[in-house]
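Asker: Top line first, the protein sequences correspond to chains X and S. Under UniProt numbering, the letters of the first sequence match residues 1 to 562, in that order. Under UniProt numbering, the letters of the second sequence match residues 1 to 562, in that order. Ideal Cβ placement from N, Cα and C applies to all residues, glycine included. Computed from a predicted model, the values in this text were never measured in an experiment. Below are the structure tokens for one structure; questions will follow.
Protein chains: 2
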Amino acid sequence: MSKSMRVIIVGGVAGGMSAATRLRRLDENAEIIVIERGDYVSFANCGLPYYVGGVIPERESLLLQTPQSLRARFALDVRVGHEVTAIDREAQTVTVRDLRTGIDTVEHYDALILATGASSREIYPQVDGAAPVATLRTIDDVDRITAALDGLTGTGRAVVVGGGFIGLEAVENLAHRGLAVTLVQHGAHPLSPLDPEMASVVVDTLRSEDVDLRTRTTVTAIDADGVHLDDGTTLAADLVIDARGVQPAASVAAASGLRLGPTGGIAVDGHQRTSDPRIFAVGDAVEKIDQVSEEPTLVTMAGLANRHGRTIADVIAWESGLLDERPQDATPATGTAIVGVFGLAVAMTGWSEKRLRDAGWPHRVIHAHPVDHAAYYPGAERLTMKLLVDPDTDLILGAQVIGRAGADKRIDVIATAMQAGLTASQLARLELAYAPQYGSAKDPINMLGYIADNHASGTTDSIQWHELDAARDAGASVIDVRSASEYERGGIPGSLNISVDDLRSRIAELPEGELIVHCQVGQRGHTAVRILRQLGRDARNLDGGYLTWRAGTAMREPVLTP
Amino acid sequence: MSKSMRVIIVGGVAGGMSAATRLRRLDENAEIIVIERGDYVSFANCGLPYYVGGVIPERESLLLQTPQSLRARFALDVRVGHEVTAIDREAQTVTVRDLRTGIDTVEHYDALILATGASSREIYPQVDGAAPVATLRTIDDVDRITAALDGLTGTGRAVVVGGGFIGLEAVENLAHRGLAVTLVQHGAHPLSPLDPEMASVVVDTLRSEDVDLRTRTTVTAIDADGVHLDDGTTLAADLVIDARGVQPAASVAAASGLRLGPTGGIAVDGHQRTSDPRIFAVGDAVEKIDQVSEEPTLVTMAGLANRHGRTIADVIAWESGLLDERPQDATPATGTAIVGVFGLAVAMTGWSEKRLRDAGWPHRVIHAHPVDHAAYYPGAERLTMKLLVDPDTDLILGAQVIGRAGADKRIDVIATAMQAGLTASQLARLELAYAPQYGSAKDPINMLGYIADNHASGTTDSIQWHELDAARDAGASVIDVRSASEYERGGIPGSLNISVDDLRSRIAELPEGELIVHCQVGQRGHTAVRILRQLGRDARNLDGGYLTWRAGTAMREPVLTP
Numbered sequence: 001m002s003k004s005m006r007v008i009i010v011g012g013v014a015g016g017m018s019a020a021t022r023l024r025r026l027d028e029n030a031e032i033i034v035i036e037r038g039d040y041v042s043f044a045n046c047g048l049p050y051y052v053g054g055v056i057p058e059r060e061s062l063l064l065q066t067p068q069s070l071r072a073r074f075a076l077d078v079r080v081g082h083e084v085t086a087i088d089r090e091a092q093t094v095t096v097r098d099l100r101t102g103i104d105t106v107e108h109y110d111a112l113i114l115a116t117g118a119s120s121r122e123i124y125p126q127v128d129g130a131a132p133v134a135t136l137r138t139i140d141d142v143d144r145i146t147a148a149l150d151g152l153t154g155t156g157r158a159v160v161v162g163g164g165f166i167g168l169e170a171v172e173n174l175a176h177r178g179l180a181v182t183l184v185q186h187g188a189h190p191l192s193p194l195d196p197e198m199a200s201v202v203v204d205t206l207r208s209e210d211v212d213l214r215t216r217t218t219v220t221a222i223d224a225d226g227v228h229l230d231d232g233t234t235l236a237a238d239l240v241i242d243a244r245g246v247q248p249a250a251s252v253a254a255a256s257g258l259r260l261g262p263t264g265g266i267a268v269d270g271h272q273r274t275s276d277p278r279i280f281a282v283g284d285a286v287e288k289i290d291q292v293s294e295e296p297t298l299v300t301m302a303g304l305a306n307r308h309g310r311t312i313a314d315v316i317a318w319e320s321g322l323l324d325e326r327p328q329d330a331t332p333a334t335g336t337a338i339v340g341v342f343g344l345a346v347a348m349t350g351w352s353e354k355r356l357r358d359a360g361w362p363h364r365v366i367h368a369h370p371v372d373h374a375a376y377y378p379g380a381e382r383l384t385m386k387l388l389v390d391p392d393t394d395l396i397l398g399a400q401v402i403g404r405a406g407a408d409k410r411i412d413v414i415a416t417a418m419q420a421g422l423t424a425s426q427l428a429r430l431e432l433a434y435a436p437q438y439g440s441a442k443d444p445i446n447m448l449g450y451i452a453d454n455h456a457s458g459t460t461d462s463i464q465w466h467e468l469d470a471a472r473d474a475g476a477s478v479i480d481v482r483s484a485s486e487y488e489r490g491g492i493p494g495s496l497n498i499s500v501d502d503l504r505s506r507i508a509e510l511p512e513g514e515l516i517v518h519c520q521v522g523q524r525g526h527t528a529v530r531i532l533r534q535l536g537r538d539a540r541n542l543d544g545g546y547l548t549w550r551a552g553t554a555m556r557e558p559v560l561t562p
Numbered sequence: 001m002s003k004s005m006r007v008i009i010v011g012g013v014a015g016g017m018s019a020a021t022r023l024r025r026l027d028e029n030a031e032i033i034v035i036e037r038g039d040y041v042s043f044a045n046c047g048l049p050y051y052v053g054g055v056i057p058e059r060e061s062l063l064l065q066t067p068q069s070l071r072a073r074f075a076l077d078v079r080v081g082h083e084v085t086a087i088d089r090e091a092q093t094v095t096v097r098d099l100r101t102g103i104d105t106v107e108h109y110d111a112l113i114l115a116t117g118a119s120s121r122e123i124y125p126q127v128d129g130a131a132p133v134a135t136l137r138t139i140d141d142v143d144r145i146t147a148a149l150d151g152l153t154g155t156g157r158a159v160v161v162g163g164g165f166i167g168l169e170a171v172e173n174l175a176h177r178g179l180a181v182t183l184v185q186h187g188a189h190p191l192s193p194l195d196p197e198m199a200s201v202v203v204d205t206l207r208s209e210d211v212d213l214r215t216r217t218t219v220t221a222i223d224a225d226g227v228h229l230d231d232g233t234t235l236a237a238d239l240v241i242d243a244r245g246v247q248p249a250a251s252v253a254a255a256s257g258l259r260l261g262p263t264g265g266i267a268v269d270g271h272q273r274t275s276d277p278r279i280f281a282v283g284d285a286v287e288k289i290d291q292v293s294e295e296p297t298l299v300t301m302a303g304l305a306n307r308h309g310r311t312i313a314d315v316i317a318w319e320s321g322l323l324d325e326r327p328q329d330a331t332p333a334t335g336t337a338i339v340g341v342f343g344l345a346v347a348m349t350g351w352s353e354k355r356l357r358d359a360g361w362p363h364r365v366i367h368a369h370p371v372d373h374a375a376y377y378p379g380a381e382r383l384t385m386k387l388l389v390d391p392d393t394d395l396i397l398g399a400q401v402i403g404r405a406g407a408d409k410r411i412d413v414i415a416t417a418m419q420a421g422l423t424a425s426q427l428a429r430l431e432l433a434y435a436p437q438y439g440s441a442k443d444p445i446n447m448l449g450y451i452a453d454n455h456a457s458g459t460t461d462s463i464q465w466h467e468l469d470a471a472r473d474a475g476a477s478v479i480d481v482r483s484a485s486e487y488e489r490g491g492i493p494g495s496l497n498i499s500v501d502d503l504r505s506r507i508a509e510l511p512e513g514e515l516i517v518h519c520q521v522g523q524r525g526h527t528a529v530r531i532l533r534q535l536g537r538d539a540r541n542l543d544g545g546y547l548t549w550r551a552g553t554a555m556r557e558p559v560l561t562p
């Protein structure tokens, strides 16, 4: 408990900067040094794609703080353009290289905080004569990209490799700048954390925005001829964005002997402490604990970095006697996330069906397609919602929500419920704010809860779109309970159309054996299942109705939209 | 347990219709009769003001179901234009009057569900030659109002009496129709569930929309000369909307000897059962249990009515052996609500500071003014937020959120957290979906949690705007830690301006005694308090900063905006 402890923080963006400013508010006397490899601290990394697209017009608005402003308000010693190249844990020192001069100095620490972030797993080599290849993670990156864009004449052509969050933001913003954009995706669809029938909505949007989408494809080389794909195609390009995955930037930590976890991230305890008690770590460089599996996981979100950075400051201050109460351990991570795709909000929390299935985790699946606010009030937009539920505990395992309005609200409510330990059925009981321009008297969240409750009480039984073929092979018949006019606009091949309103009177027309009932979104199907089961028939509802079935089956083939 | 039980439901809108359709899905054999006094069932009562304003252009879109559509899908016997005038509980019968013919019939029930709603407490008498005086609760009301509006020539003048939810929606929509609108409010400000410094934001919006607002005023008479106020003013009017409060429509229930509660609503148990085991009640006619006080309360929200209607159906089906599990008791009500006021969303849940103070309930108050999404992304709108916290348990007692974007999301997340029993500090740990167009890496919700955590841990101490004068009388000095240019644009009279960034170097200039520190919204004030307290000074942060102080003090005088 020194009167003036010396804290060195490596990395000056989300987690590092939250630790620095919180620590100053708790300890006016600490010496706090922030070492940042880049030329900027506390910049708006989530805004970078939108600056490229011109949505954020001023470069200055990305720069939230400067070393000068942080010195004035928080008495921080911020050293940009400096890199920590080594840690001597025994001596409690770091080697700091001034990247302009190349000169190394050695700095002592009482506590060290590693906020080194993530780095691209690999980057395509820049070949002579080839289009510029850039990642999109730093101010330097966007300076390079905007320089390339400013040099273009006519309609430029961009290839984005990797349809994750940053990849999709790059696609949208390059299109917004007027470029013809191709998105190359290794997997079956963009946004691999989504299940295919949900990603299908994103694919439809990309199509309608004239994005050239190539799924189940990889880049084999980038040279003066263009971008070569493994299907033999070569794409002409003026700019290539490499938006493939990232990994924890943990090399300096590893070289100093700090323990890494199974994911490759720095292993920390609930106080963000590494295997060395004087060294903490935070942000994309560290492992989190997954809420569903309670296993180590990687979640690269700024919100977690900020919160965990604050925790580190609290722990250091508590150990210095400046806080009375032991700081609480970090709560598990859910991976709650959202990305905008041409005005469509695509949001998720927890685990997907795919991930649960791969892990052999029992799960119940619920799809719903309600509108974001009362249908009779102008401007209502359809939501595409999915809820994953543990059938034994009724706890929420995950959710996906997509829509042009109100999706961010619904994922946040579900994420809050999930983190608070509410059951899926309890979503029915949430008293949410309703007026016709903001929601419905039965909010979409309540609707998910009502469906979950029907499952938990055995009042309904459903089948998923990807289980339909097997059920039909086993003798089940598909009954389309929509109106005749809906049926005529398109339905499931081989289905029989009897409107739910005619079901009681036309019951004799139904085939023998199991009945798979469906409507457009699942609601009338539920009523039909209730009628049929009370009349002694074996019936299940096709979950999410025709919309979910159509979306899911559309993703079975590679997407090629040249 | 009859094979075909006879269920009579009195009232065919939210709660009654939810009970009817749910019961049919659970019991194909029940005879379900819905008696509705009006000519319409299941109409969009929350949409009525917007139809008056022309925002909802088609009258048909208000009519969600018809007796015919409900017969086809749910085999319901819906009788509109019929009123239940008496209940004979001994005989298990109701007297039903056909309102067109005046003929009474007597109908037997096995179970009776009262969903009679609310009615206006009193209505101004319609005097010869006076402008039409209307409430705004039924299709008949809007037909009457639109007929009056269609007959107007030139700019019409409307007077709305009562600034509750429907009153404000009436004001907005009549203005939208081109009328000059006066709002007469008995209390100090519209929306009495809000605290004054929050209502101040609503008042500013009404002012900017040229609404003539008269607070602390009542109507003494409405006659051919106009609307007479108790301050001697007479307002010319072509239309008067009486939007004063409602009360439970419980007269038939009371006449039959059913127990009413202390609020005047029908008393029910957790299964919505009245004091007669064969009679249930739901919706605005019944009492709820308040989540904060656990006492009976009135909350007139459609969402609760729908959910409780479903519960009644579950209970009836369970008693018939059609559901295995005993339905869960109703959860307490929080009064979560939202209203749109000229594009401003005004949302609340739980108790206000005023209500807590009046009840002598210990409480901690937190104000914050964050923007709804990352400030560097275009279109960010300021939120005005207030959180009420139990200082002993850290549980959330209530919240108010106002803003042009993102307010509905934030109130729903807080309401969910409150209903799930999260503490205020736990809001800091919520992992919410972040991208720059949807939120912030430290979401406004997280910010409230961080402030709450600072209070719980003793890291900060604050003072409310209405406590400032007393503190100054006791010798405290006000230090404005904003920049000089902010200070020049307006501050608290008698305050001393020293920017937070200069505080360390200018510490000697501070007066002796307690220091009340403030900035614009409270954040820099917190940093300043931390500096001052570590330097040995007695300092508190003016909660919510200058914005909250200015809003609160502005509501101390009657509002008159002629």
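1) Which residue wins for smallest C-alpha separation from V371(S), given the options Y438(S), T331(S), P327(S) and H308(S)?
2) Closer than 7 Å by C-beta to L63(X): which residues in its own chain qualify, once you throw out the five before and the five after it? Chain order, please.
3) Could you name the residues of the stretch 298-316 of chain X whose beta carbon sits closer than 9 Å to any beta carbon of chain S, in the order they occur along the chain?
4) Verify the CB distance criterion: does Y377(X) have a CB-CB separation below 9 Å to chain S?
5) Beta carbon of A539(S), beta carbon of L532(S): below 9 Å?
6) Is P248(S) helix, strand or coil when you go by DSSP?
7) Taking the C-alpha atoms as reference points, what is the distance between R530(S) and L149(X)?
8) Runs of 3 residues minimum, wholly inside the stretch 497-561 of chain X: which ones carry the beta strand (DSSP E) assignment?
9) In angstroms, rounded to a whole number, what distance separates the CA positions of L542(S) and G264(S)?
10) I'd like to know if C46(S) contacts chain X, where contact means its C-beta is closer than 9 Å to some C-beta of that chain.
11) Tell me, to the nearest whole angstrom, how far the beta carbon of H82(S) is from that of Q92(S); I am working on the premise that it is less than 8 Å.
12) Since H308(X) and A330(X) are thought to touch, with beta carbons under 8 Å apart, how far apart are those beta carbons, to the nearest angstrom?
13) Identify the continuous beta strand (DSSP E) that holds E169(X) and give its terminal residues.
14) Mind pulling the chain X residues with CB within less than 8 Å of E28(S)?
15) Once you ignore the five residues that flank A130(X) on each side, which residues in its own chain have a CB closer than 7 Å to its CB?
16) For the candidate residues R524(X), G475(X) and G11(X), whose alpha-carbon lies nearest to that of L112(X)?
17) For the alpha helix (DSSP H) containing G303(X), name the first residue and the last one.
18) Can you check DSSP and say which residues form a bridge with Q400(X)?
19) Can you tell me whether DSSP reads A420(X) as helix, strand or coil?
20) I'd like to know whether the C-beta of P436(S) is nearer than 9 Å to at least one C-beta of chain B.
21) If you drop the 5 nearest sequence neighbours on each side, which residues of the same chain put their C-beta closer than 8 Å to that of D242(X)?
22) So if I threshold CB-CB distances at 7 Å, which residues from the stretch 397-411 of chain X count as touching chain S?
23) Helix, strand or coil: which one does DSSP assign to G12(X)?
24) What is the residue span of the alpha helix (DSSP H) that T205(X) lies within?
25) How would you label S485(S), buried or exposed, when you count the other beta carbons within 10 angstroms and need 16 or more for buried?
26) Name, in chain order, the residues that DSSP records as bridge partners for E31(S).
27) Reducing DSSP to helix, strand and coil, say where F280(S) ends up.
28) Per DSSP, what kind of secondary structure is E353(S) in: helix, strand or coil?
29) At the level of alpha carbons, what is the spacing between V252(X) and A281(X)?
Answerer: So, from the data block:
1) Position 371 of the second sequence, counted from the first residue, corresponds to residue 371(S). Residue nearest to V371(S) within the set Y438(S), T331(S), P327(S) and H308(S) is Y438(S) (criterion: CA-CA distance).
2) Mapped onto the first sequence, residue 63(X) falls at position 63. Contacts found: Y40 and F43.
3) So the close ones are V299, M301, A302, G303, L304, A305, N306, R307, R310 and D314.
4) For the purposes of this step, residue 377(X) is taken as the residue at position 377 of the first sequence. Yes, contact with chain S.
5) Taking the second sequence and counting its residues from 1, the one referred to as residue 539(S) is at position 539. Taking the second sequence and counting its residues from 1, the one referred to as residue 532(S) is at position 532. Closer than 9 Å, so yes.
6) The residue labelled residue 248(S) in the question sits at position 248 within the second sequence. Reduced to three states, the DSSP call for P248(S) is strand.
7) For this step, residue 530(S) is matched to residue 530 along the second sequence. For this step, residue 149(X) is matched to residue 149 along the first sequence. Their Cα atoms are separated by approximately 46 Å.
8) As far as the stretch 497-561 of chain X is concerned, its whole beta strand (DSSP E) runs of at least 3 residues are 515-518 and 539-542.
9) Here residue 542(S) corresponds to residue number 542 of the second sequence, with the count starting at 1. Here residue 264(S) corresponds to residue number 264 of the second sequence, with the count starting at 1. One C-alpha to the other measures close to 41 Å.
10) Here residue 46(S) is taken as the residue at index 46 of the second sequence, counted from 1. Taking Cβ atoms only, chain X reaches closer than 9 Å to C46(S), which makes this a yes.
11) Start at 1 with the first residue of the second sequence, and residue 82(S) comes out as number 82. Start at 1 with the first residue of the second sequence, and residue 92(S) comes out as number 92. Not quite, the Cβ-Cβ distance comes to about 18 Å (not below 8 Å), so this is no contact.
12) Taking the first sequence and counting its residues from 1, one reaches residue 308(X) at position 308. Taking the first sequence and counting its residues from 1, one reaches residue 330(X) at position 330. Yes, they are in contact, since the Cβ atoms of H308(X) and A330(X) sit about 6 Å apart, within 8 Å.
13) Taking the first residue of the first sequence as 1, we reach residue 169(X) at position 169. First-last for E169(X): F165 to H176, but that is the alpha helix (DSSP H), not the beta strand (DSSP E).
14) As a working note, residue 28(S) is residue 28 in the second sequence. Ordered by position in chain X, the residues that pass the 8 Å Cβ test against E28(S) are R530, I531, Q534 and L535.
15) Residue numbering aside, residue 130(X) sits at position 130 when the first sequence is read from its first letter. Same-chain partners within the cutoff: I222, D223 and A224.
16) Sequence index remark: in the first sequence, residue 112(X) carries index 112 (1-based). Per the Cα distances, G11(X).
17) Residue numbering aside, residue 303(X) sits at position 303 when the first sequence is read from its first letter. From DSSP, the alpha helix (DSSP H) with G303(X) extends over A302 to E319.
18) Position 400 of the first sequence holds residue 400(X). Q400(X) pairs with M348(X) and K386(X).
19) Position 420 of the first sequence, counting from 1, holds the residue named residue 420(X). Here A420(X) sits in helix by DSSP.
20) No chain B is part of this structure, whose protein chains are labelled X and S.
21) In the first sequence, counting from the first residue as 1, residue 242(X) sits at position 242. Once the five neighbours on either side are set aside, the close Cβ partners of D242(X) are S120, I123, Y124, V133, A134, T135, V161 and G162.
22) D408, K409 and I411
23) Within the first sequence, numbered from 1, the residue matching residue 12(X) stands at position 12. Of the three classes helix, strand and coil, the one that applies to G12(X) here is coil, per DSSP.
24) To locate residue 205(X), count along the first sequence from 1; it is residue 205. First-last of the alpha helix (DSSP H) with T205(X): P196 to S208.
25) Translated into positions along the second sequence, residue 485(S) becomes position 485. That one is exposed.
26) Along the second sequence, one-based indexing puts residue 31(S) at 31. In DSSP, E31(S) forms a bridge with R6(S).
27) What you label residue 280(S) is simply residue 280 of the second sequence in a count that begins at 1. It is a strand residue.
28) Counted from its first residue, the second sequence places residue 353(S) at position 353. In the structure shown, E353(S) falls within a helical segment according to DSSP collapsed to helix, strand and coil.
29) Start at 1 with the first residue of the first sequence, and residue 252(X) comes out as number 252. Start at 1 with the first residue of the first sequence, and residue 281(X) comes out as number 281. Their backbone Cα atoms lie some 12 Å apart in a straight line.
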